[in-house]
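Residue numbers (the working numbering): 9 to 126.
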């Protein structure tokens, strides 16, 4: 899948845990990605966001927004993880991986709050 499109950086949503992503990368993607990172978020079902990068695309820093609040409380249902990735040529890319609240059950207002904070 990702090998067909040639993605150097892959953002993932609804990821269970890092060991599952390592197996996914090894067994289904042929080890295409050198770096696999997931930060545990707010979802009590274990649905998190993650990132995978190819060799040479090093993750320099990770910042979680799991505790970000506004006047209505916690903003992100899972997280809006921020990754700083350095390319092989030295450029720095900032990647935000977010999984907005579901629209079902009246999630529109929370999604708007999440989009404003992202």
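Ideal placement from N, C-alpha and C gives every residue a C-beta, glycine not left out.
None of the values given here were measured: they were computed from a predicted structure.
Paired residues, beta bridge with residue i - DSSP
i, result
"residue 20", "58"
"residue 89", "105"
"residue 74", "DSSP lists no partner for residue 74."
For residue i, three-class secondary structure by DSSP
i, result
"residue 94", "strand"
"residue 37", "coil"
"residue 14", "coil"
"residue 28", "helix"
"residue 121", "helix"
"residue 68", "strand"
"residue 81", "strand"
Identity of the residue in the options nearest residue i by Cα
i, options, result
"residue 131", "15, 34, 54, 78", "What is shown of the chain runs 9 to 126, which leaves residue 131 out entirely."
"residue 63", "74, 40, 72", "40"
"residue 104", "36, 45, 79, 30", "45"
"residue 19", "89, 37, 84, 117", "89"
"residue 120", "35, 83, 73", "83"
"residue 69", "86, 102, 77", "102"
"residue 21", "43, 122, 86, 65", "86"
Cβ neighbour criterion (16 or more within 10 Å) applied to residue i
i, result
"residue 61", "buried"
"residue 56", "buried"
"residue 47", "buried"
"residue 14", "exposed"
"residue 100", "exposed"
"residue 117", "exposed"
"residue 36", "exposed"
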